[in-house]
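Asker: Following this message is one structure expressed as structure tokens.
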Amino acid sequence: MEERKLITEILNTEDVSYTISEPHDNKITLMVNQLKNDKRPLTVVEKEIVHELERAELTYNEKLNPDDQTAMQIDIDVK
Numbered sequence: 001m002e003e004r005k006l007i008t009e010i011l012n013t014e015d016v017s018y019t020i021s022e023p024h025d026n027k028i029t030l031m032v033n034q035l036k037n038d039k040r041p042l043t044v045v046e047k048e049i050v051h052e053l054e055r056a057e058l059t060y061n062e063k064l065n066p067d068d069q070t071a072m073q074i075d076i077d078v079k
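Residue numbering for the sequence shown follows our numbering, beginning at 1 and increasing consecutively.
Take a look at the structure:
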């Protein structure tokens, strides 16, 4: 699964913690949180991650603050 490796590489370039779900219905779900010492606005972090996903030509949907525990949820289509 090349998409998962690519996604991991993208997220490792950001100051975020994350979990990646196992593929389900041809989607991977990312749950992303900023690190406590990261003072950037969440919208800046979102733009940086989205930019890299677009550069990688991945199809995705993102939501900011989908629940109390998560800053960003990203559903990515996988093959």
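Positions of the beta carbon are idealized from the N, C-alpha and C atoms, including for glycine.
1. Could you tell me whether the Cβ atoms of Ile28 and Asp75 are closer together than 9 Å?
2. Tell me, please, which residues DSSP counts as bridged to Thr19.
3. Counting only runs that start and end within the segment 35-78, where is the beta strand (DSSP E) found for 3 or more residues in a row?
4. Considering only the alpha carbon of each residue, which of Gln69, Glu62, His51, Ala71 lies closest to Asp77?
5. How far does the alpha helix (DSSP H) with Thr8 in it reach, from first residue to last?
6. Check each candidate in Met31, Asn26, Gln69, Leu64 and name the one with the smallest Cα separation from Thr8.
7. Please state whether the Cβ-Cβ distance between Ser17 and Asn33 is less than 9 Å.
Answerer: Judging by the given coordinates:
1. Taking the first residue of the sequence shown as position 1, residue 28 is located at position 28. Taking the first residue of the sequence shown as position 1, residue 75 is located at position 75. For the 9 Å CB-CB criterion, Ile28 and Asp75 form a contact.
2. Walking along the sequence shown from the start, residue 19 turns up at place 19. Note: Thr19 sits in a beta bridge opposite Met31.
3. 60-67, 70-77
4. As a working note, residue 77 is residue 77 in the sequence shown. Nearest C-alpha to Asp77: Glu62.
5. Walking along the sequence shown from the start, residue 8 turns up at place 8. Residues 2-12.
6. Walking along the sequence shown from the start, residue 8 turns up at place 8. The shortest Cα separation from Thr8 among Met31, Asn26, Gln69, Leu64 belongs to Met31.
7. Here residue 17 corresponds to residue number 17 of the sequence shown, with the count starting at 1. Here residue 33 corresponds to residue number 33 of the sequence shown, with the count starting at 1. Result yes, Cβ atoms of Ser17 and Asn33 sit closer than 9 Å.
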